[in-house]
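S.K.: Numbering follows our numbering, with no gaps: position 76 of the sequence shown is 91.
Yeah, the Cβ is synthetic: ideal placement off N, Cα and C, and Gly gets one too.
Only a predicted model underlies this, so the values are computations on that prediction, with no experimental measurement involved.
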Amino acid sequence: MTFPAPLTGVVPPVCTPLTPEGEVDVGSLLRLVDHLVAGGVHGLFVLGTTSEAAFLTDRQRAQVVEAVAGHVGAGLPVLAGAVDMTT
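#1: Got a sec, what are the start and stop residues for the alpha helix (DSSP H) Leu44 sits in?
#2: Report yes or no: do the stretch 38 to 55 and the stretch 82 to 89 share at least 3 C-beta pairs separated by less than 8 Å?
#3: Quick one: is Arg76 buried, meaning 16 or more other Cβ sit within 10 Å of its Cβ, or exposed?
#4: If you draw a straight line from the alpha carbon of Pro28 to that of Val41, how long is it in whole angstroms?
#5: Once the 5 residues before and after Val56 are set aside, which same chain residues still bring their CB inside 7 Å of it?
#6: Considering Val109, what are the terminal residues of the beta strand (DSSP E) in which it resides?
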């Protein structure tokens, strides 16, 4: 998908739900995505500084991006943050 330039509308940050064991709760994540999409958002921003992204492993970060992008398909922009707890 080609993003509109500039990207406009509502693009909310998406929190990353975790299981009690600290793994990504993919089912809860996709239910949250469905709720946001049903609300009419124009894109999704995963793994930003409002989520637990800085504390996830690279495998978990990839899991979040792949799950959300695969779930919404090409019809909705998915932006992924690239943050770390360094200076």
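M.R.: Quick look at the numbers:
#1: Indexing the sequence shown from 1 puts residue 44 at position 29. Annotation: the continuous alpha helix (DSSP H) that includes Leu44 extends over 41 to 53.
#2: The stretch 38 to 55 makes contact with the stretch 82 to 89: 3 or more CB pairs, one atom from each, lie closer than 8 Å.
#3: One-based indexing of the sequence shown puts residue 76 at position 61. By the neighbour-count rule (16 or more Cβ atoms within 10 Å), Arg76 is buried.
#4: Along the sequence shown, read from residue 1 onward, the residue named residue 28 stands at position 13. Along the sequence shown, read from residue 1 onward, the residue named residue 41 stands at position 26. For Pro28 and Val41, the distance between alpha carbons rounds to 16 Å.
#5: The residue labelled residue 56 in the question sits at position 41 within the sequence shown. So the qualifying residues of the chain are Val25, Val26, Pro27.
#6: Any question about residue 109 goes unanswered here, given that the chain covers just 16 to 102.
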